[in-house]
Amino acid sequence: MKFFAIFTVFLLTIVNYSFAEWETLINNSLTDYNTFEKYWEYLYPWGSDHNGSARMYGSSTDHNHVYLKDNTVVILATRINWDEGKSTANPHPVIHYHSGAIHSKQTFTINDQYPNYEIRGEFMVPTAPGTWPAFWLNGAWTWPPEIDIVEFKGNNVNWFNTFRTSSDVSTYKSSISNQGAWHEYRVWITKVSNTDMDIHFYIDGVWKAKHTANHVGKPFHLIMNLQMEGSSGGNGPSSNTYYRGRNIYVGRSREW
């Protein structure tokens, strides 16, 4: 009987045993266009227009606004001097710029199998009035969810935002010194319940804030874009605007 009890405990231990491993999903993706296009699509997931005055352009044969240079992705916004109508997205601003956006081919979901994610990158952001660079997670099925890792609105303040609904939003603002230089922006996302995740935000390795959101089980795309005007104000620059990114990384834990 004693042997049976011990054997039963042993079997239950085997049945309940699990382990985790770390896997890298995006890394070294900016070396050349063939590699880049294995991980990234051009434009937003939904197309060329969004809530600012820039219309996105880019493809495997058009690198005027999204191009690679020295293991860096560069997004270039240029002002146009002709009438291209209005954005097809709310609130339908007049198009004043051509710019670029990229988004991950893969979607990322925090759940029981993938309870932890790390997403980071180094960025050199424009901060002139009317510039609106971003690096963010957006719901692949619906909006929200949204998690903003980089968002500058015409000055040196980065907005970490987490949208649970359009009106239920957590925001932490962090001023960046020497904003014309490279800085690393990072999130660590971890599942804390069947519905909730904690999102930890970092700049240059320094923890800044934590948000909690009910986004477990909801897939995200990762987006990098240079929008113009909109929330960053009108009267954007007439000269070219550049937004640069490098060392973009996505990894996660996998439970077995």
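In mature numbering (1 follows the signal peptide of the UniProt record, and there is no 0), the protein residues as written are -20 to -1, 1 to 236.
Even glycine gets a Cβ: it sits at the ideal position worked out from N, Cα and C.
Please look up how many angstroms separate the CB atoms of N227 and G80, rounded, as I've assumed it's under 8 Å. That pair is no contact at about 19 Å.
Residues sharing a beta bridge with I129, DSSP: Secondary-structure assignment with DSSP links I129 through no beta bridge to anything.
Can you find the residues in the same chain that come closer than 6 Å, C-beta to C-beta, to P125, ignoring five residues on each side of it along the sequence? Cβ neighbours of P125 beyond the five flanking positions: G119, H195, K198.
Could you spell out where the beta strand (DSSP E) holding T142 opens and where it closes? Here the beta strand (DSSP E) through T142 covers 137 to 143.
With DSSP collapsed to three states, give me the class of S212. In this structure, S212 counts as helix in the three-state DSSP scheme.
Looking at K133 and G213, is the spacing between their C-beta atoms short of 9 Å? At the C-beta level, G213 and K133 come within 9 Å of one another.
Apply the 10 Å Cβ neighbour rule to E1 and answer buried if 16 or more other Cβ atoms are within range, or exposed otherwise. With fewer than 16 Cβ atoms within 10 Å of its Cβ, E1 is classed as exposed.
How should Y223 be labelled, buried or exposed, when 16 other C-beta atoms within 10 angstroms of its C-beta is the threshold for buried? Burial call: buried.
Hey, is the region 33 to 47 in contact with the region 67 to 82, meaning 3+ C-beta pairs nearer than 8 Å? Short answer: they touch.
Does DSSP put K85 in a helix, a strand or coil? It is coil, neither helix nor strand.
If you drop the 5 nearest sequence neighbours on each side, which residues of the same chain put their C-beta closer than 8 Å to that of E21? Contacts found: I82, H83, S84, K85.
Contact check, Y165 vs V130 under 8 Å by CB: the rounded distance? Indeed, because the Cβ distance is near 5 Å, the residues count as touching under 8 Å.
Which same chain residues, not among the five before or five after L5, have their C-beta less than 7 Å away from its C-beta? Closer than 7 Å at the Cβ level, and outside the excluded window around L5, lie Q86, V230, G231, R232.
Would DSSP call E17 helix, strand or coil? Assignment of E17 by DSSP, reduced to helix, strand and coil, places it in the helix class.
Rounded distance between the beta-carbons of A69 and Q207, thought under 8 Å: So it is not a contact: roughly 10 Å between Cβ atoms.
Taking the alpha-carbon positions, what's the T11 to V167 distance? The alpha-carbon atoms of T11 and V167 are separated by roughly 23 Å.
With 9 Å set as the bound, which would you pick, yes or no: does the beta-carbon of K198 sit closer than that to a beta-carbon of chain C? Here there is only one protein chain, and chain C is not present.
Beta bridge counterpart(s) of T151 as assigned by DSSP: Beta-bridge analysis with DSSP links T151 to N141.
Can you tell me where the beta strand (DSSP E) with E164 in it begins and where it stops? Looking at the DSSP string, the run of the beta strand (DSSP E) that includes E164 is 163 to 171.
E64 - containing beta strand (DSSP E), residue span: Careful: E64 lies outside any beta strand (DSSP E) and carries neither H nor E.
So for F(-18), helix, strand or coil by DSSP? Here F(-18) scores only 44 on pLDDT, less than 50, and its place in the model should not be relied on; the value that follows carries that caveat. The answer is helix: DSSP assigns F(-18) an H, G or I state.
Here's a check: name, in chain order, each residue in its chain whose Cβ is nearer than 7 Å to the Cβ of I(-15), leaving out the five neighbours to either side. Only weak support exists for where I(-15) lies, its pLDDT of 46 falling under 50; the value from the coordinates is given anyway. No residues qualify anywhere along the chain.
Under 9 Å between C-beta atoms of T52 and G160: It is not a contact, given that the beta carbons lie outside the stated cut-off.
Given a cut-off of 9 Å, decide if T221 and L56 are closer than it, judged by their beta-carbon atoms. In this structure, L56 places its C-beta atom within 9 Å of the C-beta atom of T221.
Taking C-alpha atoms, which residue in F88, K188, H180 lies nearest to Y19? Of the candidates F88, K188, H180, the one whose C-alpha sits nearest the C-alpha of Y19 is F88.
Can you tell me which of the three DSSP states F(-2) falls into? F(-2): coil per DSSP, three-state reduction.
Nearest-angstrom Cβ-Cβ length linking R59 and H72, presumed shorter than 8 Å: By a beta-carbon distance limit of 8 Å, R59 does not contact H72. Their separation comes to about 19 Å.
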